[in-house]
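Worksheet for the structure shown next.
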Amino acid sequence: MKIFIAADLEGATGVVHHDQLMPEGRGYAAAQRLLTADVNAAIEGVLRVSPSSTFVVGDGHGPMRNIILEELHDAAELVIGSAKPQNKPLCQLQGIDESFDLACMVGYHSKAGTPSGLLAHTYIGSLVREWRLNGMAVGEVQMNAAVLGSFGVPVGLIVGNSDLEPEVRAWDRNVEFVSTKRTLGPTAAICATPGRTHSLIADAAAKVVSQNIHADLYNIGHTRIEVDTYRREQCDKASSVPGITTSGEFTIVAEADTAAKAFQLMWSACTRALDETPSWLA
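Our numbering applies: residue -4 is where the sequence shown begins, and numbers increase by one.
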């Protein structure tokens, strides 16, 4: 099997606070190790059932240089580097194509606006008030699933914070979900130990492969993405990207015949909307 693992950080084992999320934070180095271990657990679980499987891991958080390459399982390759549109137009999913059999998402969080959601946001917290996919408010996991569906790749496993699970279940009942912690609020949770989450993630990954468990393929065809921004000037800047339209003073719109194409257009607009290039896009 060939498996793509999209990795984020906020839903990784033990990650609960903003000071763990960026290189300048005092907890960042520990969070890197925890995320790397979670990804390795998923790989090890798959290999238990399918020893010849290969993996591409997309480092998909912030600077996208979070996973520790020298500690990553040797069965995997790692997509590293800034999500500027000219580098990674598919952002967290750069490297995906039709050759993959399955995708997993490790380290994920709930969408922007989730009540008391742990580190909840959608892609860019300072920009996105709400992200809608064909009229439905979605988070990163559902949007990513739609992009993966454009390539014919289903999602088998999602690992993240407990408050993400209701969001996932509203989209698909079949996908396997592992919670790394029980959310208490925006920056606190009851966390399982790394040893415990390692076992849970590995066992779930093995189950997905051995029982052929995955979400229904989410190939939605023609796609309209609407993003409500926080400020009018963000909307104005984003609308300068060719192909982007607006709906009112705060909403940018991208449409295309596939979710992947619509996402690429919207990602270009979102990065253009920022007041200045942040360090994580440098």
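The beta-carbon is built from N, C-alpha and C at its ideal position, and this holds for glycine as well.
A distance below 6 Å between beta-carbons, with the five flanking residues on each side excluded, links T192 to the following residues of its chain, in chain order: T8 and T175. DSSP places K176 in the strand class (E or B) of the three-state scheme. Between Q87 and A1, the gap from beta carbon to beta carbon is short of 8 Å. DSSP lists no bridge partner for I75. Counted as a single uninterrupted DSSP element, the beta strand (DSSP E) harbouring K(-3) occupies residues K(-3) to A2. Per DSSP, reduced to three states, the secondary structure at Y213 is coil, with no helix or strand assignment. For the pair of segments examined, the stretch 177 to 186 was found not to touch the stretch 218 to 233: the number of CB pairs separated by less than 8 Å stays below three. Beyond the five residues adjoining it in sequence on each side, M59 comes within less than 7 Å, by CB distance, of I75, G76, S77 and A78 in the same chain, given in chain order. The residues S45, S48 and D96, in chain order, have a CB closer than 6 Å to that of M(-4) in the same chain once the five nearest residues on each side in sequence are set aside. Annotated three-state conformation of F50 is strand, per DSSP.
Of the other Cβ atoms in all chains shown, 16 or more fall within 10 Å of the Cβ of N156; this residue is therefore buried. A residue is called buried when at least 16 other Cβ atoms come within 10 angstroms of its Cβ; D270 does not meet this threshold and is exposed.
Of all alpha-carbon atoms in Y103, S94 and V150, the one lying nearest the alpha-carbon of D54 is that of Y103. One Cα belongs to V236, the other to A268, and the distance between them is close to 9 Å. With contacts defined as CB atoms closer than 8 Å, E125 and A132 qualify as a contacting pair. Straight through space, the alpha carbons of D252 and R28 are spaced by roughly 39 Å. If you keep only unbroken beta strand (DSSP E) runs of at least 3 residues inside the stretch 67 to 130, you get 71 to 74, 97 to 103 and 123 to 128. For A187, the closest C-alpha among the options F(-1), E72 and V10 is that of V10.
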